[in-house]
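Protein chains in written order, with the working numbering: chain A, 29 to 365; chain B, 29 to 365; chain C, 29 to 365; chain D, 29 to 365. Every residue gets a Cβ at the ideal spot worked out from N, C-alpha and C, and that includes glycine. Each remark here refers to the structure printed beneath this line.
Number of protein chains: 4
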Amino acid sequence: MKILFDPSPRTTKEIFSDQHRDAFFAGHDVVEVDPMARAGVYERHLPQTEVLISQQPMGRDRLDLAPHLRAIFNVETNFLPNIDYETCFARGIHVLTPASVFAVPVAEIGLGMALSLARNIHGAHSDFVAGQEAYGLEGNGQAELLSHSRIGFVGFGDLGRALHALLRPFAATIRVYDPWLPDDYLRRQGVLPATLDAVLGDSRVVFVVASVTSENTHLFDRKTLAKMPDGAMLVLLSRAALADFDALAHEAGSGRLRIATDVFPQEPVSPDDPIRRVPGMLFSAHRAGALTSALEQIGALVLEDLSQIARGLPPVSCRRAERETVGLLRSKPIDVT
Amino acid sequence: MKILFDPSPRTTKEIFSDQHRDAFFAGHDVVEVDPMARAGVYERHLPQTEVLISQQPMGRDRLDLAPHLRAIFNVETNFLPNIDYETCFARGIHVLTPASVFAVPVAEIGLGMALSLARNIHGAHSDFVAGQEAYGLEGNGQAELLSHSRIGFVGFGDLGRALHALLRPFAATIRVYDPWLPDDYLRRQGVLPATLDAVLGDSRVVFVVASVTSENTHLFDRKTLAKMPDGAMLVLLSRAALADFDALAHEAGSGRLRIATDVFPQEPVSPDDPIRRVPGMLFSAHRAGALTSALEQIGALVLEDLSQIARGLPPVSCRRAERETVGLLRSKPIDVT
Amino acid sequence: MKILFDPSPRTTKEIFSDQHRDAFFAGHDVVEVDPMARAGVYERHLPQTEVLISQQPMGRDRLDLAPHLRAIFNVETNFLPNIDYETCFARGIHVLTPASVFAVPVAEIGLGMALSLARNIHGAHSDFVAGQEAYGLEGNGQAELLSHSRIGFVGFGDLGRALHALLRPFAATIRVYDPWLPDDYLRRQGVLPATLDAVLGDSRVVFVVASVTSENTHLFDRKTLAKMPDGAMLVLLSRAALADFDALAHEAGSGRLRIATDVFPQEPVSPDDPIRRVPGMLFSAHRAGALTSALEQIGALVLEDLSQIARGLPPVSCRRAERETVGLLRSKPIDVT
Amino acid sequence: MKILFDPSPRTTKEIFSDQHRDAFFAGHDVVEVDPMARAGVYERHLPQTEVLISQQPMGRDRLDLAPHLRAIFNVETNFLPNIDYETCFARGIHVLTPASVFAVPVAEIGLGMALSLARNIHGAHSDFVAGQEAYGLEGNGQAELLSHSRIGFVGFGDLGRALHALLRPFAATIRVYDPWLPDDYLRRQGVLPATLDAVLGDSRVVFVVASVTSENTHLFDRKTLAKMPDGAMLVLLSRAALADFDALAHEAGSGRLRIATDVFPQEPVSPDDPIRRVPGMLFSAHRAGALTSALEQIGALVLEDLSQIARGLPPVSCRRAERETVGLLRSKPIDVT
């Protein structure tokens with residue numbers, strides 16, 4: 029199978045284990061694109077290309093050059109408006125992303141952050157280092173258990189499902205707000221469908237695990253956060269655009285809510301951004317998914333679906349762009365610095 | 029049922045929710061002991077007492093005063109050498125403790141501490157506050173997943189089982205060293221029996237969840253810790269006496285191991301104890317179990333077994349002192365300050 | 029939304045609960061087709077139709093009449109070669125089937141049949157009625173447990189996954205042969221990918237749960253069955269075409285294998301078909317899926333995806349025909365008698 | 029350790045795998061008792077015996093002969109009134125039975141019988157053999173699913189817990205009536221405590237898994253069964269004495285209830301017992317537990333607890349006789365024929 033391979037902004041080394049990289053190159057007819065010298069390369073190779081691994085623009089003009097194209101893999105893992113998706117769908121070209129590789133790593137740190145908020149693991153540690161710890165019951169001011177508690181999810185995609193799996197032994201009541209999924213579908217997954225207001229008002233911990241779309245930008249603003257009960261916890265795992273960070277800082281700073289976030293509107297955060305000094309917040313510098321082991325899974329899932337495609341079978345390991353929703357997604361590209 | 033009630037060092041308010049306290053006093057003939065005026069009280073009331081809730085000395089002399097005694101509840105939750113256990117066993121007096129109330133709270137924070145070590149949640153937070161955060165892959169130096177990892181337990185009592193339940197979705201290989209349990213018994217619980225060396229040598233995270241006994245004091249010394257692989261994690265949840273803290277500080281301070289502890293040889297820890305400045309350690313000031321909700325479960329379990337005893341049934345909710353092992357336990361009493 | 033509704037060979041009453049039927053008709057602009065008077069109806073209504081619920085032929089000619097068509101639901105639940113699928117895919121018309129409604133009912137009876145084979149529940153019952161029972165150990169000749177046993181699956185679609193879920197507490201080693209799925213995909217589902225030979229040779233029970241395709245007709249013939257060890261069990265749940273029934277009768281009749289089947293090459297089976305007298309076989313007359321409650325789920329899933337489509341979202345509850353595989357499926361239409 | 033070994037009515041071969049038998053004799057100082065020549069043997073050996081494996085009478089007189097006795101194992105697996113239990117308890121002699129070996133085998137066939145009743149697997153099979161089968165929906169008259177149904181348990185010991193584990197994936201509401209256990213204890217096991225009336229009135233399937241006691245003989249009589257709703261199912265797994273079999277025959281024969289039983293008041297059942305011809309009953313001739321693999325587990329559990337006792341540890345694998353309840357048990361000895 030003839031593959032045009034242009035993984036930038038990721039690197040070959042990043043997305044493949046040594047073993048998988050060898051299998052990839054040995055098992056396919058790969059043209060590797062030099063990101064410093066792309067001029068003419070696509071035009072020259074697209075006419076023979078069967079599979080494209082690239083985040084470069086693929087408008088109608090370029091698609092017309094590629095009559096044998098069967099799939100485009102987006103290894104950056106964000107669908108962007110760089111492709112003429114309609115033409116791909118009409119021609120039966122799968123547009124695929126192995127984004128699910130991040131589900132388990134992010135779910136694990138998400139659970140860890142929720143436990144840190146619920147038990148003040150990070151704060152009690154800092155207090156101890158500073159010689160200001162309180163022991164036993166006294167040191168457990170707002171501490172509460174996740175077991176048998178009430179937990180809310182905003183969004184229920186790959187990440188929501190991975191987190192749900194980790195939470196099962198806690199036997200919590202789990203309410204999910206996901207306007208893209210039918211209520212009974214959610215019930216079949218073992219969670220309770222709910223309105224956003226019910227999720228916010230009835231949960232001790234709310235996990236924000238939705239993709240950012242044109243419809244949910246700044247979903248978590250002052251008005252929404254006000255619906256959460258005193259002492260409730262919010263764990264923001266997916267995208268910063270879902271929240272108004274001034275509102276987060278306000279609610280955490282006042283001590284009313286406990287908030288953890290892995291994402292920020294501008295990254296890196298400015299050294300003098302006042303959010304750094306907001307008490308009641310647990311910070312993580314966009315570290316939730318970016319593990320070596322997760323990135324290497326990108327190559328693994330690509331190899332799995334390449335094998336499916338080569339055998340004339342539908343891809344099953346990567347997520348497909350969907351005609352109805354791909355235009356609504358609003359993730360930002362990875363910064364290339 | 030005639031009950032002599034002397035919960036010190038715990039208080040009535042601490043171990044009973046309002047509702048359970050009312051049920052306790054309304055449903056039984058309770059003599060409450062004033063800890064400031066114990067003289068003569070036991071001698072006066074033991075002859076009629078059927079159930080004793082107390083951690084006071086109960087030697088043969090006092091037991092001989094109590095011909096109707098059917099059970100002694102230890103609500104401090106540590107069996108101490110304050111009772112003539114042999115006489116109790118011979119007479120069919122159950123000696124009971126609701127110690128399992130701490131299993132879930134400690135398991136939850138134990139998982140939280142392990143996730144904090146594995147992903148450096150607490151450290152990355154401090155770095156962010158200090159304006160020294162690293163983003164993405166760069167900020168994930170030693171980060172690793174618990175999913176599909178290798179995990180070790182030292183001890184497999186109530187706490188071990190509660191932690192095992194929380195770890196199920198991680199699908200890790202779990203090796204257990206517990207010299208008090210048969211190998212096939214452990215296999216039936218779904219874990220792999222192992223020697224201490226195998227647990228130490230083959231695990232990424234080791235949870236220390238054993239009761240302290242006359243046999244396992246300072247089990248974790250320099251020699252034992254040396255068997256753990258580079259970068260492995262240790263989470264000390266049960267009792268400080270199990271570890272040599274100089275050895276812990278050495279291995280964590282050198283960066284070879286990542287270590288979390290909820291317990292310390294002397295509590296409170298001295299303000300100038302050098303351990304406070306050891307990098308690579310995550311500290312918690314004996315906060316793992318002492319939640320209001322857990323303490324209130326003490327009264328709940330006592331009520332459950334009082335009802336069993338009143339109906340002539342065996343207690344099932346509290347743990348019983350065992351003839352073979354009670355003499356080996358070496359927990360310290362709670363400090364009354 | 030304008031719907032052309034022609035559920036034949038199923039009936040409206042069969043696929044909808046009263047409540048769902050009312051919701052269906054009240055919530056949509058439905059044209060119901062009289063199966064006795066179809067002439068001209070499609071031609072008249074397709075130009076306005078947005079959703080078609082029908083198993084009637086939909087070649088290019090008819091699709092060309094339906095410029096607004098967004099989805100075709102097949103409520104017979106078998107994709108047949110009655111549609112110009114390529115044109116549908118090119119135009120973004122989803123072709124959908126709520127076939128998953130049968131997964132749980134078939135999985136439950138499949139587990140029941142396996143337990144009946146393993147413990148001879150049906151045979152021991154007949155023996156008892158005939159006054160020929162043997163008690164205890166004597167009556168348990170070939171009896172064996174599923175717990176911790178080795179189980180094989182041929183196929184791992186909706187049905188395989190539902191059966192896998194029911195088998196989880198048995199903690200069996202589960203090997204799966206499914207040539208349409210990547211090995212690591214199966215591993216992520218918690219099963220072991222295997223060759224057909226390994227599934228047959230290493231399993232005590234083999235569940236046949238694959239769709240019938242042009243590639244697997246008579247997969248279970250004399251040669252294949254010979255690879256199963258003595259006393260092993262086969263449970264045929266999906267389609268009769270997967271097995272050579274003479275070979276099944278031979279292996280079961282000789283007492284070498286224990287075989288259960290819910291399907292037969294010709295249904296109804298002829299009154300004098302010799303298979304009826306084959307010992308070692310457990311028979312079920314195509315009853316595995318056809319429960320009232322399952323059929324009513326057909327309407328429920330259709331309603332869920334109608335709501336998705338009406339809101340401009342991708343269908344998620346029904347299975348989609350796939351460009352790569354729809355041409356390989358070889359199910360027979362339901363007999364209309 | 030000095031062991032007096034008299035497993036009758038079971039045999040050495042029955043309760044030990046070859047490997048375990050060898051380990052048993054090699055690892056202990058065993059005196060094997062010839063059941064044909066018991067005279068004087070006990071008197072001669074009890075003075076040195078540390079562990080007794082026997083169901084022979086052990087009154088005070090014999091116990092007084094055995095000052096070193098630490099445990100009595102009952103490998104018949106029924107506690108009978110053949111022992112002076114009070115003296116054993118006073119002296120710290122454990123009385124033990126490995127009865128839990130039957131929990132999983134009985135739970136598996138119990139689930140199989142419930143699925144057979146719910147889907148008429150056995151009846152539809154007989155119909156097919158007789159050439160009288162009905163296909164599809166027509167053949168599924170009373171068929172119903174266990175998934176998401178309401179299930180009741182009478183009793184919640186080893187067997188109840190094993191069955192509960194197998195039922196987990198069915199996500200049923202499980203109500204338990206067990207007068208020997210506190211309500212909150214049951215809730216912690218993940219089931220709902222209920223009165224007998226609630227279990228009978230609200231369940232589609234009731235599993236009878238209680239030990240027979242002096243209090244529950246003929247618990248299932250005409251009056252009790254009348255509380256079950258039409259078409260409900262009863263699976264009798266533990267002991268025949270729990271039910272009035274005339275009442276069972278009446279309710280099953282009239283077609284009002286579906287009933288499965290593994291036990292009978294007299295075994296073997298008389299050849300002309302009219303129960304054999306009662307429709308609506310599923311019969312099993314006391315086969316639920318008696319598998320070779322289960323019997324061999326008896327020896328395995330005995331070995332585990334022998335090792336505990338030899339090391340001065342409490343037995344954990346066998347169940348202990350309890351002072352409060354042992355006198356209430358009413359199992360019959362195994363017939364020695």
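Review point. Are the stretch 44 to 60 of chain A and the stretch 90 to 97 of chain A in contact at 8 Å, needing three or more beta carbon pairs?
Key: no
Exercise for review: List the residues of chain C that residue 295 of chain A touches, going by C-beta distances under 9 Å, in chain order.
Suggested key: The premise fails here: residue 295 of chain A is roughly 31 Å from chain C at the closest Cβ pair, so nothing lies under 9 Å.
Practice item. Return the chain-ordered ranges of every beta strand (DSSP E) run that is complete within the stretch 121 to 164 of chain A and spans a minimum of 3 residues. Key: 122 to 125
Check your understanding: Can you tell me the Cα-Cα spacing of residue 364 of chain B and residue 36 of chain B, whole angstroms?
Key -> In this prediction, residue 364 of chain B scores a pLDDT of 41, lower than 50, which makes its location untrustworthy; no coordinate-derived value is stated.
Point to revise | Any C-beta of chain C under 9 Å from that of residue 11 of chain D | key: The shown model of chain D, from 29 to 365, leaves out residue 11 of chain D, and the question about it has no answer.
**Study point:** Completely contained beta strand (DSSP E) runs for the stretch 76 to 127 of chain B, where each covers 3 or more residues
**Key:** 79 to 82, 99 to 101 and 122 to 125
Review point. When the cut-off is 9 Å and only beta carbons count, does residue 283 of chain A lie next to chain B?
Key: no
Practice item. May I have a chain-ordered list of the alpha helix (DSSP H) segments no shorter than 4 residues that lie completely inside the stretch 252 to 285 of chain D? Key: 273 to 281
Practice item. Taking C-beta pairs closer than 8 Å, name the residues in chain A that residue 353 of chain C reaches, listed in chain order. Key: 341 and 342
Practice item. Pick helix, strand or coil for residue 365 of chain D, following the three-state DSSP scheme. Key: Legend: pLDDT at residue 365 of chain D = 38, less than 50; position of this residue unreliable, no value from coordinates given.
Point to revise | Own chain residues within Cβ distance below 6 Å of residue 6 of chain A, not counting five before or after | key: Missing from the structure shown is residue 6 of chain A; chain A here goes from 29 to 365 and no further.
Point to revise | contact_flag[the stretch 189 to 196 of chain C, the stretch 322 to 336 of chain A] where n(CB pairs < 8 Å) is 3 or more | key: no
**Study point:** Beta-bridge partners of residue 309 of chain A, as assigned by DSSP
**Key:** A:287
**Study point:** Complete beta strand (DSSP E) runs within the stretch 185 to 230 of chain D (minimum length 3 residues, chain order)
**Key:** 201 to 205
Point to revise | Three-pair Cβ contact test at 8 Å for the stretch 141 to 152 of chain C versus the stretch 116 to 126 of chain C | key: no
Review point. Across which residues does DSSP place residue 72 of chain D in a beta bridge pair?
Key: The partner list for residue 72 of chain D (beta bridge, DSSP) is empty, contrary to what the question assumes.
Point to revise | Residues bridged to residue 348 of chain D (per DSSP) | key: D:124
Practice item. Quick one: measure Cβ to Cβ for residue 238 of chain A and residue 266 of chain A, integer angstroms, because I've assumed they're closer than 8 Å. Key: 6 Å
Exercise for review: Please determine, among A:348, A:310, A:263 and A:248, the residue with the shortest C-alpha to C-alpha distance to residue 135 of chain A.
Suggested key: A:263
Review point. Hey, is residue 50 of chain D's beta-carbon within less than 9 Å of any beta-carbon in chain B?
Key: no
Check your understanding: Would DSSP call residue 333 of chain B helix, strand or coil?
Key -> helix
Review point. Cβ atoms of residue 279 of chain A and residue 270 of chain A: under 9 Å apart, would you say?
Key: no
Check your understanding: Between which two residues does the beta strand (DSSP E) containing residue 179 of chain A stretch?
Key -> 178 to 182
Point to revise | Where the stretch 110 to 125 of chain A meets chain C: residues whose CB sits under 7 Å from a CB there | key: 117, 118 and 120
Point to revise | Three-state secondary structure (DSSP) of residue 243 of chain A | key: coil
Point to revise | Where the stretch 316 to 329 of chain D meets chain B: residues whose CB sits under 7 Å from a CB there | key: 328
Practice item. Give the single residue among A:166, A:59 and A:276 whose Cα lies nearest to the Cα of residue 77 of chain A. Key: A:59
**Study point:** N-terminal and C-terminal residue of the alpha helix (DSSP H) that residue 43 of chain D is part of
**Key:** 40 to 43
Review point. Can you find at least 3 beta carbon pairs, one from the stretch 315 to 324 of chain B and one from the stretch 156 to 168 of chain A, that sit closer than 8 Å?
Key: yes
Check your understanding: In chain order, what residues of the same chain have a beta carbon less than 6 Å from the beta carbon of residue 250 of chain D, not counting five sequence neighbours either side?
Key -> 275
Exercise for review: Closer than 8 Å by C-beta to residue 356 of chain C: which residues in its own chain qualify, once you throw out the five before and the five after it? Chain order, please.
Suggested key: 241, 242 and 243
Review point. Residue 235 of chain D lies in the beta strand (DSSP E); which residues open and close that run?
Key: 233 to 236
Point to revise | the stretch 50 to 64 of chain D contacting the stretch 343 to 352 of chain D, beta-carbon criterion three pairs below 8 Å | key: no
Review point. Which chain D residues sit within Cβ distance under 9 Å of residue 212 of chain B?
Key: 328, 329, 331, 332 and 345
Practice item. Output yes or no for whether 9 Å exceeds the beta carbon distance between residue 306 of chain D and residue 236 of chain D. Key: no
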